[in-house]
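Step one of this worksheet: look at the structure below.
Number of protein chains: 2
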Amino acid sequence: MTDTGEIDERLFLRSVARAFAVLEVWGAEPRALSLGEIAKAAGIDKSAAQRICQTLLGLGYLERAAGGLVPGKRALDRAFDYLRITPLIERAAPVLGNLRETCGERVDLSLFDGVTILYALRLQSRREAFFATLPGRRLPTFCTSGGRACMALMADAAVDRLLARSEMLARTRKTLTDPAAVLEKVHEAREQGYACVVEETLLGEVVVAAPVTDSAGRPVAAVHIAGTLADWSEAEFRRRFAPHAIAAADALSG
Amino acid sequence: MTDTGEIDERLFLRSVARAFAVLEVWGAEPRALSLGEIAKAAGIDKSAAQRICQTLLGLGYLERAAGGLVPGKRALDRAFDYLRITPLIERAAPVLGNLRETCGERVDLSLFDGVTILYALRLQSRREAFFATLPGRRLPTFCTSGGRACMALMADAAVDRLLARSEMLARTRKTLTDPAAVLEKVHEAREQGYACVVEETLLGEVVVAAPVTDSAGRPVAAVHIAGTLADWSEAEFRRRFAPHAIAAADALSG
DNA sequence: GCCGAGCGTATCGGAGAGCGATACCGGCGG
DNA sequence: CCGCCGGTATCGCTCTCCGATACGCTCGGC
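Taken in order, these protein sequences are the chains called Z and H.
Under my numbering, the residue at position 207 of the first sequence is numbered 207, and the numbers go up by one with no gaps.
Under my numbering, the residue at position 57 of the second sequence is numbered 1057, and the numbers go up by one with no gaps.
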């Protein structure tokens, strides 16, 4: 959902939109930026960038750093508000905790958001304590197992439309980029009740995921269990963990 | 120190500030809100609330929900930007991972932000898989061990000023609310190189924390190790875990 | 040592974006 | 039936924001 739905133009606040355009610049350019760089990246002139940045600095949504400006801590407060208010997150936390204990592998809750999914809860396994597993990370829907699990609950026509809107770039040499091939995987997920993706987002990684629905049966999220091919064959991994992912996702649905 | 530093009035964008005032409403009222409620809570009229909310809906920073509006998923993207850009977070992730393995207790990295600290990384222990340990949560500086560890690196005068600005409300019946008593605890932390707080934020909880500094020696964060009095006496906990917290914090400093 | 290209900062008059009072429709409860 | 909420829509006036412009600095190249 949240397809950045179009809004009545007469009620649209230009300066507000520009302020967020500024904040979003760091999504593409993750480093300290100067006013000039910000202005160019956000598509505004230097004066506007100056006013906006001063304002955001005052509010704590930007901070000064060596070499320019960076996002401020206040961003974390707003994310906290989101997580705290969303009932699914609260319900999911203990379920995922148990799931990780039972499985011993990495366990995630991802939120379905149109052409991308976004990780909301991440419980890493013992061995991988490393970075890159932060909440807030987005990945494309078409090549992730959570995304395919969600698409499995949509009509084929809707899946087609979603795939058409997606930029289907290969993340690894195993990534399926042909819409027909992806659709076939979605069909498989629909039959089995879960999706399995092998090395399409990260080489060596195997992930099973089951969809979480709202009360109307629409997909809103997915429960992932992720492991490495060093430990498991795809078949073993599916047999062993898919039922757990489905059970957890079902417990969170409705 | 992100003290919401005051800014030149002439460069301040009123509509931007009001938009963020709207977003911040859910910090105090974590549920779906109607336009009227938002307007009242943000101190603006209904027309302004309407325009701002329509804009934020269009940008994905708000979403419609049963009963009104709630924060949108886009908030998580901005938090992700912050975490990804801040070098300390990247460096801290593996260090905290190891720390949790060694200690087996809950381990956190909190960021020092004036009168509050804010949790950026949280690795819960096996037994407590439950909620309430989300990143983005803020707690007062004066009554947390991370906060006191940071204050220990400041001059007494600065500590006094910070305590004067703090709303020293008791969170439990053990919370110290007398500035002089807190200052004494800060002195103790200064001598020992770490702070220990027992049941001042949560009954039954004992926490040790050591400060992380920037290259200039100023406190910017703290490494926490938290356990329960059901398992440990205060003395045992300090002896066993304080050295680990200090070692981790030192590794992240400078 | 000079220069130009950046940086952040500051100024200012014009104009149009945003303001806010007002009104409308629909549902709910009394 | 009415009054009180909800969300939505309209519409002049005005004050906010726009963006061109300029200033003082610190660089690095030459």
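All C-beta atoms, glycine included, are put in the ideal place defined by N, C-alpha and C.
Contacting residues, own chain, Cβ-Cβ under 7 Å from residue i (five flanking each side not counted)
{"i": "Ala209 (chain Z)", "result": "Ser145, Gly146, Ala149, Tyr194, Ala195, Ala222, Val223, His224, Ala245"}
{"i": "Thr1004 (chain H)", "result": "Confidence is the limiting factor: at Thr1004 (chain H) the pLDDT is only 46, short of 50, which leaves the residue's position unreliable and the question unanswerable from this model."}
{"i": "Ala79 (chain Z)", "result": "Gly136"}
{"i": "Val16 (chain Z)", "result": "none"}
{"i": "Ala157 (chain Z)", "result": "none"}
{"i": "Asp45 (chain Z)", "result": "Ala39"}
C-beta neighbour in chain H for residue i, strict 9 Å
{"i": "Ala248 (chain Z)", "result": "no"}
{"i": "Ile52 (chain Z)", "result": "yes"}
{"i": "Pro71 (chain Z)", "result": "yes"}
{"i": "Ile85 (chain Z)", "result": "yes"}
{"i": "Tyr82 (chain Z)", "result": "yes"}
{"i": "Ala216 (chain Z)", "result": "no"}
{"i": "Ser34 (chain Z)", "result": "no"}
{"i": "Gln124 (chain Z)", "result": "yes"}
{"i": "Trp232 (chain Z)", "result": "no"}
{"i": "Glu191 (chain Z)", "result": "no"}
{"i": "Ala19 (chain Z)", "result": "yes"}
{"i": "Pro30 (chain Z)", "result": "yes"}
{"i": "Leu118 (chain Z)", "result": "yes"}
{"i": "Thr55 (chain Z)", "result": "yes"}
Same chain only: Cβ atoms within 8 Å of residue i, ignoring 5 sequence neighbours per side
{"i": "Arg165 (chain Z)", "result": "Gly114, Val115"}
{"i": "Ala65 (chain Z)", "result": "Ala32"}
{"i": "Gly1217 (chain H)", "result": "Leu1153"}
{"i": "Phe1012 (chain H)", "result": "none"}
{"i": "Glu29 (chain Z)", "result": "Glu37, Ala41"}
Beta-carbon proximity list for residue i, same chain, < 6 Å, skipping 5 on both sides
{"i": "Gly227 (chain Z)", "result": "Glu105, Val206, Phe237"}
{"i": "Ala1129 (chain H)", "result": "At Ala1129 (chain H) the pLDDT is 49, less than 50, meaning the model places this residue with poor confidence; the figure from the coordinates comes in the next sentence. Here the set comprises nothing."}
{"i": "Val1070 (chain H)", "result": "Ala1032, Glu1063"}
{"i": "Ala1242 (chain H)", "result": "Tyr1194, Val1208"}
{"i": "Met151 (chain Z)", "result": "Val159, Val186"}
{"i": "Pro179 (chain Z)", "result": "Leu163"}
Boundaries (first-last residue) of the beta strand (DSSP E) holding residue i
{"i": "Thr86 (chain Z)", "result": "Note, Thr86 (chain Z): premise wrong, no beta strand (DSSP E); not H, not E."}
{"i": "Ser1145 (chain H)", "result": "Per DSSP, Ser1145 (chain H) belongs to no beta strand (DSSP E); it is in the alpha helix (DSSP H), 1145 to 1151."}
{"i": "Pro71 (chain Z)", "result": "68 to 71"}
{"i": "Ala1189 (chain H)", "result": "Not the beta strand (DSSP E): Ala1189 (chain H) falls in the alpha helix (DSSP H), residues 1179 to 1192."}
Beta-bridge pairing of residue i - partner residues as DSSP gives them
{"i": "Phe112 (chain Z)", "result": "Z:Ile117"}
{"i": "Ile1225 (chain H)", "result": "H:Val1107, H:Val1208"}
{"i": "Ala1235 (chain H)", "result": "DSSP output for Ala1235 (chain H) lists no bridge partner at all."}
{"i": "Arg259 (chain Z)", "result": "Outside the modelled stretch of chain Z, which goes from 1 to 254, sits residue 259 (chain Z), for which no answer is possible."}
{"i": "Pro219 (chain Z)", "result": "Z:Thr213"}
Short CB-CB distance (under 9 Å) between residue i and chain Z
{"i": "Asp1045 (chain H)", "result": "no"}
{"i": "Glu1037 (chain H)", "result": "no"}
{"i": "Ala1079 (chain H)", "result": "yes"}
{"i": "Gly1136 (chain H)", "result": "yes"}
{"i": "Arg1106 (chain H)", "result": "no"}
{"i": "Val1223 (chain H)", "result": "no"}
{"i": "Gly1227 (chain H)", "result": "no"}
{"i": "Asp1178 (chain H)", "result": "no"}
{"i": "Ser1015 (chain H)", "result": "yes"}
{"i": "Gly1067 (chain H)", "result": "no"}
{"i": "Glu1024 (chain H)", "result": "yes"}
{"i": "Tyr1194 (chain H)", "result": "no"}
{"i": "Phe1130 (chain H)", "result": "For Phe1130 (chain H), the predicted structure reports a pLDDT of 49, less than 50, and the residue's modelled location is therefore unreliable. The matter cannot be settled from this model."}
{"i": "Ile1202 (chain H)", "result": "Per the sequence shown, the amino acid found at residue 1202 (chain H) is Leu instead of Ile. Not an interface residue."}
{"i": "Asp1113 (chain H)", "result": "yes"}
Delimiting residues of the alpha helix (DSSP H) encompassing residue i
{"i": "Ile1038 (chain H)", "result": "1035 to 1042"}
{"i": "Glu63 (chain Z)", "result": "Unbroken run through Glu63 (chain Z) is the beta strand (DSSP E), 62 to 65; no alpha helix (DSSP H)."}
{"i": "Arg1010 (chain H)", "result": "Segment: none, Arg1010 (chain H) is in no alpha helix (DSSP H) and carries neither H nor E."}
{"i": "Leu1139 (chain H)", "result": "Unbroken run through Leu1139 (chain H) is the beta strand (DSSP E), 1138 to 1140; no alpha helix (DSSP H)."}
{"i": "Ala1032 (chain H)", "result": "Segment: none, Ala1032 (chain H) is in no alpha helix (DSSP H) and carries neither H nor E."}
{"i": "Ala1195 (chain H)", "result": "No alpha helix (DSSP H) contains Ala1195 (chain H), which is instead part of the beta strand (DSSP E) from 1195 to 1198."}
{"i": "Leu1056 (chain H)", "result": "1046 to 1059"}
{"i": "Asp1160 (chain H)", "result": "1156 to 1165"}
Task: Contact the segment 56 to 63 of chain Z vs the segment 1016 to 1027 of chain H: 3+ CB pairs below 8 Å - done: yes
TODO: Count the C-beta pairs between the segment 1078 to 1092 of chain H and the segment 72 to 87 of chain Z that are closer than 8 Å, then say yes if the count reaches three, no if not.
DONE: yes
Open item on the list: Within 8 Å, do at least three Cβ pairs link the segment 1087 to 1106 of chain H to the segment 1119 to 1126 of chain H?
Closed with: yes
Task: Stretch-stretch touch, CB-based, cutoff 8 Å, three pairs: the segment 196 to 203 of chain Z with the segment 162 to 179 of chain Z - done: yes
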